[in-house]
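K.L.:
Below are the structure tokens for one structure; questions will follow.
Numbering (UniProt numbering), first residue to last: 1 to 251.
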């Protein structure tokens, strides 16, 4: 199961912690780091059991779950830039007057109004979440949609994709199977998404590749590897250094 699918299927409590527990390990929902149980982990001269070390990992690597979530695309959070900034300042413990001065808007009463609006948004979200959970119990015809990558840059109709559609696209463009070459690169955005996802899934998510390595890897699937590389970055599957010297899978 892909990390994005694990992330979106996690409970609210698991998302708040930033990790979920399996029978033999803990997995970071933010980057996929796996911490095995039964091992003592050293860090800065201190020894930690597995779950405590996972919390250390999240603090050191991601600063906080709150900060990580606010960095997600606004179409995933449903927050405007203005609301995002307000939440950051509230999280820092600033009072209404301090927030008003830092943002340079209205007055302290204006900030209280924004707090009220955010609280209303929370109530709406809880209500909608409950409605959708209840719907799952009754709606036997709902298609299984493919999970949206947390790193997606452009959230549009290309992600309106069922698992059945994905399987059909894979068969069409990978006639020799996922270990073979792409028959032709698709023109339709939804098909591009599927092909790119299958290619990037075969990269080592823990590795950093230099330019020659990533080009050789992509050239195995398709002659125009530069095109594939560009789309992998555009769709948010790959990241790279500004000079293009190193590439890695975004988590």
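Ideal Cβ placement from N, Cα and C applies to all residues, glycine included.
1. Which stretch, first to last residue, makes up the alpha helix (DSSP H) that contains residue 166?
2. The alpha helix (DSSP H) with residue 221 in it runs from where to where?
3. What would DSSP say about residue 44, mapped onto helix, strand or coil?
4. Where residue 24 and residue 84 are concerned, what is the direct C-alpha to C-alpha distance, given to the nearest angstrom?
5. Who pairs with residue 248 in a beta bridge, going by DSSP?
6. Could you please give the first and the last residue of the uninterrupted alpha helix (DSSP H) stretch that includes residue 199?
7. Thinking C-beta only, is residue 88 closer than 8 angstroms to residue 70?
8. At 4 residues or longer, and completely inside the stretch 6-35: list those alpha helix (DSSP H) runs for me, N to C.
9. Taking only the alpha-carbon atoms, compute the straight-line gap between residue 249 and residue 123 and give it to the nearest angstrom.
10. Residue 53 by DSSP, collapsed to three states: which one?
11. Please check the pair residue 185 and residue 222, which I expect to be a contact at CB under 8 angstroms, by giving their CB distance rounded to whole angstroms.
12. With 16 other CB atoms within 10 Å as the buried threshold, where does residue 116 fall?
13. What would DSSP say about residue 90, mapped onto helix, strand or coil?
14. Of all the alpha helix (DSSP H) runs that stay within the bounds of the stretch 60-84, which reach a length of 4 or more residues?
15. Look up residue 128 in the DSSP assignment and give the residues it is bridged to.
16. Name the residue from 97, 125, 102 and 164 whose alpha carbon lies nearest to the alpha carbon of residue 112.
17. In terms of residue numbering, what span does the alpha helix (DSSP H) encompassing residue 98 cover?
18. Once the 5 residues before and after residue 203 are set aside, which same chain residues still bring their CB inside 6 angstroms of it?
19. Which residues does DSSP pair with residue 185 in a beta bridge?
20. With C-beta atoms as the reference, is residue 146 less than 8 angstroms away from residue 166?
21. For residue 12, count the other beta carbons within 10 Å of its own beta carbon; 16 or more makes it buried, fewer makes it exposed. Which is it?
P.N.:
Looking at the atomic coordinates:
1. 163-173
2. 211-221
3. coil
4. 36 angstroms
5. 239
6. 189-200
7. yes
8. 12-17
9. 36 angstroms
10. helix
11. 6 angstroms
12. exposed
13. helix
14. 65-70 and 74-77
15. Residue 128 is not bridged to any residue.
16. 97
17. 96-103
18. 249
19. Residue 185 pairs with nothing; no bridge assigned.
20. yes
21. exposed
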